[in-house]
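Student: Residue 256 in the working numbering sits at position 91 of the sequence shown, and the numbers go up by one each step.
For reference, the structure I am asking about is given below.
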Amino acid sequence: MSIKLRIRDLALASGAFFALSACSAEPLTPEEEGTIKYVYMTLPDHQALAIKQNLRLTGLYSGELNADYTTELAEAINQVHFDLDLVEDRFQLDTEAGAAGFLQELASSSIRPSLINDLSVSPAEFAQIRPPGDTVERDGRECSIDGGSYSRNGEVVNLAFYKVNGQAGIELYWDGWPSSVFPQLLPVKFGDKTLPMMVSYERHGSAINADIFNVNGFWVTDALKQADGLEIGPETKIAPLELPTGSLYQIGLALEGC
């Protein structure tokens with residue numbers, strides 16, 4: 166009997182399942198690693214990339230965003246499998262069917278709530294790598310300001326804030342979302358103020374370009390003046406997308422005056 170099964174049975178018998186949060190996975194056997202590698206290498210590239218993008222969220226994987234197999238990748242898959250499949254034990258990683266089933270789940274955006282809430286590690290957080298700018302760029306009736314750049318364990322988010330006619334919003338470039346489908350309605354939290362926003366988007370390779378906007382530009386510029394951080398899509402499937410922008414007061418003020 167494997168250590169995983171022994172721990173599971175002990176936890177269920179004692180009612181102490183909460184104590185498992187401190188446990189680490191048993192190292193992969195050669196059979197398990199060989200099967201994971203084989204199944205992973207047969208996946209379409211978009212699914213292989215989605216697995217890595219989701220694993221970056223966990224902080225367990227920090228390798229390159231490509232379709233290559235690595236031992237670090239297999240170890241991260243093993244730990245996530247241990248944390249999420251410990252009790253149900255649906256997927257055996259030493260069988261092609263089991264490994265394929267788990268990797269398909271790990272490639273889906275729907276697994277993100279479990280990756281945030283159910284792992285024995287804390288999700289990675291975004292850090293600012295370039296602060297928002299202070300120069301307004303004008304193109305006809307449109308004004309825009311650089312919103313800074315942010316990184317989370319290899320993911321990259323670039324922002325720009327804009328106003329055109331009566332509409333204002335956020336242009337988002339995000340290399341890190343694992344799905345070709347993006348929400349078309351999102352709440353955006355500007356500090357303590359939350360606004361409903363509409364979304365149009367395009368996918369380019371592993372990245373999403375999204376225009377997140379509200380037709381009432383005053384609401385957006387007023388919210389920017391009250392914000393010292395930005396949370397896009399709280400309580401939605403793209404969360405957590407919390408960006409440490411710092412104060413956006415001057416950006417709101419500048420766009421308000423355009």
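For each residue, glycine too, the CB sits at the ideal point set by N, CA and C.
Quick one: Cα of Val286 to Cα of Gly398, how far?
Tutor: For the purposes of this step, residue 286 is taken as residue 121 along the sequence shown, with counting starting at 1. For the purposes of this step, residue 398 is taken as residue 233 along the sequence shown, with counting starting at 1. Distance between the alpha carbons of Val286 and Gly398: 22 Å.
Student: Using the rule of at least 16 other Cβ atoms within 10 Å of the residue's Cβ for burial, across every protein chain shown, is Pro343 buried or exposed?
Tutor: Taking the first residue of the sequence shown as 1, we reach residue 343 at position 178. Pro343 should be labelled buried.
Student: Are the CB atoms of Asp387 and Gly417 within a distance shorter than 9 Å?
Tutor: In the sequence shown, counting from the first residue as 1, residue 417 sits at position 252. In the sequence shown, counting from the first residue as 1, residue 387 sits at position 222. Cβ atoms of Gly417 and Asp387: closer than 9 Å.
Student: CB-CB under 8 Å to Thr236, same chain, minus the five flanking residues each way: which ones, in chain order?
Tutor: In the sequence shown, residue 236 corresponds to position 71, counting from 1. Correct list, in chain order: Glu198.
Student: If you draw a straight line from the alpha carbon of Ala187 to that of Pro288, how long is it in whole angstroms?
Tutor: Residue mapping note: residue 187 aligns to position 22 of the sequence shown, counting from 1. Residue mapping note: residue 288 aligns to position 123 of the sequence shown, counting from 1. At Ala187 the pLDDT is 48, less than 50, meaning the model places this residue with poor confidence and gives no usable figure here.
Student: Which of helix, strand or coil does DSSP assign to Glu196?
Tutor: Taking the first residue of the sequence shown as 1, we reach residue 196 at position 31. It is helical.
Student: To the nearest angstrom, how far is it from the Cα of Pro405 to the Cα of Ser345?
Tutor: Taking the first residue of the sequence shown as position 1, residue 405 is located at position 240. Taking the first residue of the sequence shown as position 1, residue 345 is located at position 180. Going by the C-alpha atoms only, they are around 18 Å apart.
Student: Once DSSP output is grouped into helix, strand and coil, what is the label at Gln415?
Tutor: Locating residue 415 in the sequence shown gives position 250, where the first residue counts as 1. The answer is helix: DSSP assigns Gln415 an H, G or I state.
Student: Just how far apart, CA to CA, sit Lys328 and Glu307?
Tutor: Taking the sequence shown and counting its residues from 1, one reaches residue 328 at position 163. Taking the sequence shown and counting its residues from 1, one reaches residue 307 at position 142. Rounded to whole angstroms, Lys328 to Glu307 spans 6 Å at the Cα level.
Student: Report the residue from Gln218, Gly331, Val301, Asp283 whose alpha carbon sits nearest the alpha carbon of Gln244.
Tutor: On the sequence shown, residue 244 is found 79 positions in, with the first residue counted as 1. Nearest of Gln218, Gly331, Val301, Asp283 to Gln244, Cα basis: Asp283.
Student: Going along the chain, which residues of its own chain have a beta-carbon closer than 7 Å to the beta-carbon of Gln276, five neighbours each way excluded?
Tutor: Residue numbering aside, residue 276 sits at position 111 when the sequence shown is read from its first letter. The sequence given here has Ile at residue 276, not Gln. These residues qualify, in order along the chain: Asn219, Glu270.
Student: Within 10 angstroms of the Cβ of Ala392, are there 16 or more other Cβ atoms? Answer buried if so, exposed if not.
Tutor: For this step, residue 392 is matched to residue 227 along the sequence shown. Looking at its Cβ environment, which holds 16 or more other Cβ atoms inside 10 Å, Ala392 is buried.
Student: Quick check on the DSSP output: the alpha helix (DSSP H) that includes Ile276 runs from which residue to which?
Tutor: The residue labelled residue 276 in the question sits at position 111 within the sequence shown. Neither: Ile276 is in no alpha helix (DSSP H) and is coded neither H nor E.
Student: Gln293 and Gly411: beta carbons closer than 9 Å?
Tutor: Numbered from its first residue, the sequence shown carries residue 293 at position 128. Numbered from its first residue, the sequence shown carries residue 411 at position 246. A contact, by the Cβ cut-off of 9 Å.
Student: Which residue from Glu302, Thr300, Phe326, Arg303 puts its Cα closest to that of Gly312?
Tutor: Taking the sequence shown and counting its residues from 1, the one referred to as residue 312 is at position 147. Per the Cα distances, Phe326.
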